[in-house]
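Report on one structure; see the data block that follows.
Number of protein chains: 2
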Amino acid sequence: MSPNQLVKQSRKKSAAPVTASAKASAPADEETRARILHAAHRVFLRAGTAKARTQEIADEAGVNKALLHYYFGSKAALADAVFAQQAAQLLPRIFGILGAPDRSVEQKVRAVVDEQIGFHRANPYLAGFLATELHVEPDRIKRLIAPHGTPPLAVLEQQLQQAAAAGTMRPMPVAQFVLALMGALMLPFLMRPMVSLFFNLEGDRFDAFLDERQELLPDFFLAGLRP
Amino acid sequence: MSPNQLVKQSRKKSAAPVTASAKASAPADEETRARILHAAHRVFLRAGTAKARTQEIADEAGVNKALLHYYFGSKAALADAVFAQQAAQLLPRIFGILGAPDRSVEQKVRAVVDEQIGFHRANPYLAGFLATELHVEPDRIKRLIAPHGTPPLAVLEQQLQQAAAAGTMRPMPVAQFVLALMGALMLPFLMRPMVSLFFNLEGDRFDAFLDERQELLPDFFLAGLRP
DNA sequence: TCACGGATTAACCGTATGGTTAAACCATGA
DNA sequence: TCATGGTTTAACCATACGGTTAATCCGTGA
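Going line by line, the protein sequences match chains A and B.
In case it helps, the working numbering puts the first sequence at residues 4 to 230.
In case it helps, the working numbering puts the second sequence at residues 4 to 230.
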């Protein structure tokens, strides 16, 4: 599943300068657009779209504030673009691994734990940003993310069902299992300040905690699946 | 652990009307203060403190906007009060159950699953609110929540260590286990719109999913602990 | 070389918002 | 009954903010 498959095509009218000039894709300066999007990404992820200020984005992009509107039409539209981009960066990683047709359940669990811990370590604001935006504007995701033809986890579902039927695994609906696994992986990032405070994981210790987690979680979750 | 033990005492100067009149607790109308706090609670939890408007809180409390400042001094202070109150409502439930001295690990896991699913069902915005606020203002929790003398999970930690030493359980640090469990319990609420969309859990189906979850998670997590 | 048009900017605008002020209200007790 | 002081309000204020406008810049093709 490529990221673009997830995102509803929306470039249809990305706020052209009043006169709806054609030439939809790649106008002269696609690079400026990207620079703005990048700046918006940084600012929005840190502050959340509600607290973020367009001026700050413009500054960080090194352009005039009016240019944001020239390219994206409004703060909300820009926020939509960033949200869609971030969701489309996270979800395929999860579904791509867990939904793969050619790996065992065990391989998938080990792979997704490694991948996700690495990913959120490298993008520590992403999970919190998504949770924030989902909370503040719950309907946006329906507007922006396209439903997919076949459920992306159909293969994993079959694997779990067959193993359950064969008696080699505890019966467990995919959704229940995947959401347990993802919750365990994401919560430390979603509530990092609280987690750090209560489990004494400030600074370096948080990293050590993640190393240990990467080690322990796969076996733990696979053990949970044993009958 | 009572809720109040968690919250740093802060009433010391709750923005009295300039003349710092003594009479700290229960001035004439403690009830108005409570009504404002209640309204703030409702508005902040739905919208997050950044998007929430003081006017809306005043309306919902049936008072003039100036009264918010009379009682709480500023929007930020009011937000602090709500945040502290909400954190102090969630955390003792978890630590109270998991840290209890007189229950087995199995009893604790079963109890906390029941309790938390019920609690978040009844307070569906709380988890998202906490995540949002932690993300947007990561330092607030250190300012508002007092560190506790003895770690609240010391007993559980001992139980896990003893069971590991006896070979009846897989070795598992408390933090790793508790954060896996809490993540599994809270993620559906933290990212409900996304979860609902991708696992087809709109409306009633979400409730059914929670019922099923309440049934499955205890055994699943206890199985994960088996050696 | 110059006209065209997209890209970019400085300056501006209306308003929503958090916060303040001065006055009115009202219960209490002297 | 009236002075006191905590409580509440209507009206007001400053400004931060998202958005708009009109002009300028500048590469390109005729």
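Ideal Cβ positions, reconstructed from N, Cα and C, are used throughout, including at glycine.
Since the model is a prediction, treat every value here as computed from it, not as a measurement.
How about ASP214 of chain B: is its C-beta nearer than 9 Å to some C-beta of chain A?
no
Determine which residues of the region 40-67 of chain A have a Cβ less than 7 Å from any Cβ of chain B, and write them out in chain order.
ALA50, GLY51, ALA53 and LYS54
Counting only the same chain and skipping the five closest in sequence on each side, list residues whose C-beta sits under 8 Å from that of ALA134 of chain A.
LEU193
Please tell me whether LEU190 of chain B and VAL177 of chain B are closer than 9 Å, where the distance is taken between their beta carbons.
no
I need the straight-line Cα distance from ARG36 of chain B to ARG96 of chain B, nearest angstrom please.
25 Å
Taking LEU70 of chain B and ALA84 of chain B to be in contact with their CB atoms under 8 Å, please state how far apart those CB atoms are, rounded to whole angstroms.
The Cβ separation is near 15 Å, so there is no contact.
Is it right to say ALA211 of chain B is buried, meaning 16 or more other beta carbons lie within 10 angstroms of its own, or is it exposed?
exposed
Could you tell me how far apart the beta carbons of LYS68 of chain A and THR52 of chain A are, in whole angstroms, since I believe they sit closer than 8 Å?
The Cβ separation is near 16 Å, so there is no contact.
If we count the other Cβ atoms within 10 Å of its Cβ and call it buried at 16 or more, is PRO196 of chain A buried or exposed?
buried
Euclidean distance between Cα positions of ARG173 of chain B and PRO230 of chain B
4 Å
If I follow the unbroken alpha helix (DSSP H) through PRO95 of chain A, where does it start and stop?
78-101
Leaving out five residues before and five after PRO30 of chain A in sequence, what residues of the same chain have Cβ atoms less than 6 Å from its Cβ?
The predicted position of PRO30 of chain A is uncertain, since its pLDDT is 47 and thus under 50; a value taken from the coordinates is nonetheless stated next. Correct list: empty, nothing qualifies.
Considering GLY131 of chain B, what are the terminal residues of the alpha helix (DSSP H) in which it resides?
129-139
Among A:PHE209, A:TYR128 and A:PHE47, which residue has its Cα nearest to the Cα of LEU182 of chain B?
A:PHE209
Just the C-alpha distance for ASP117 of chain A and ASP142 of chain B, rounded to the nearest angstrom, thanks.
29 Å
Short of 7 Å in beta carbon distance, which residues of its chain neighbour SER24 of chain A, apart from the five on each side in sequence? Order them along the chain.
Annotation note: pLDDT 33 at SER24 of chain A (below 50); position unreliable, coordinate value reported separately. Closer than 7 Å at Cβ, skipping near neighbours: no residue.
Inspect the CB distances between the region 104-114 of chain A and the region 157-167 of chain A and report whether three or more fall short of 8 Å.
yes
Within the continuous alpha helix (DSSP H) that includes ARG143 of chain B, where are the two ends?
143-147
Name the chain A residues that come within less than 8 Å of GLY121 of chain B, Cβ to Cβ?
Going along chain A, no residue has its Cβ under 8 Å from GLY121 of chain B, so there is no contact; the nearest lies around 17 Å.
Listed from N- to C-terminal order along the chain, which residues in the region 166-192 of chain B have their beta-carbon within a distance smaller than 9 Å of any beta-carbon of chain A?
ARG173, PRO174, MET175, PRO176, VAL177, ALA178, GLN179, PHE180, VAL181, LEU182, ALA183, LEU184, MET185, GLY186, ALA187, LEU188, MET189, LEU190 and PRO191
Quick one: which chain A residues come within Cβ less than 8 Å of LYS145 of chain B?
PRO196 and LEU200
What does the alpha-carbon distance come out to for the pair GLN179 of chain B and PHE122 of chain B?
22 Å
Mind pulling the chain B residues with CB within less than 7 Å of VAL108 of chain A?
What VAL108 of chain A touches in chain B: nothing, since even the nearest Cβ is about 14 Å away.
Delimiting residues of the alpha helix (DSSP H) encompassing GLY170 of chain B:
First-last for GLY170 of chain B: undefined, no H or E at that position.
Using a C-beta to C-beta distance shorter than 7 Å, which residues of chain A count as neighbours of PHE224 of chain B?
GLY227
Assigned exposure category for ALA79 of chain A - 16 Cβ within 10 Å defines buried
exposed
For ALA42 of chain A, tell me which candidate among A:ARG49, A:LEU48, A:LYS54 and A:GLU63 has the shortest Cα-Cα distance.
A:GLU63
Confirm, please, whether the CB-CB distance from ILE148 of chain B to LEU213 of chain B is below 9 Å.
no
With DSSP as the reference, label MET189 of chain B as helix, strand or coil.
helix
Just tell me which of A:GLU33, A:GLU205, A:PHE132 and A:THR153 has its CA closest to the CA of ALA55 of chain A.
A:PHE132
At a CB distance below 8 Å, what residues from the region 130-142 of chain B approach chain A? Give them in sequence order.
GLY131, PHE132, LEU133, ALA134, THR135, LEU137, HIS138, VAL139, PRO141 and ASP142
Locate the alpha helix (DSSP H) running through ARG49 of chain B, then write down its first and last residues.
33-54
So is PRO155 of chain B in contact with chain A if we call contact Cβ pairs under 9 Å?
yes
Given GLN89 of chain B, which residues of its chain have a CB within under 7 Å of its CB, disregarding the five upstream and five downstream residues?
LEU129, PHE132 and LEU133
Beta-carbon of ALA90 of chain B versus every beta-carbon of chain A: anything under 9 Å?
yes
For MET2 of chain A, the three-state DSSP class (helix, strand or coil):
What is shown of chain A runs 4 to 230, which leaves residue 2 of chain A out entirely.
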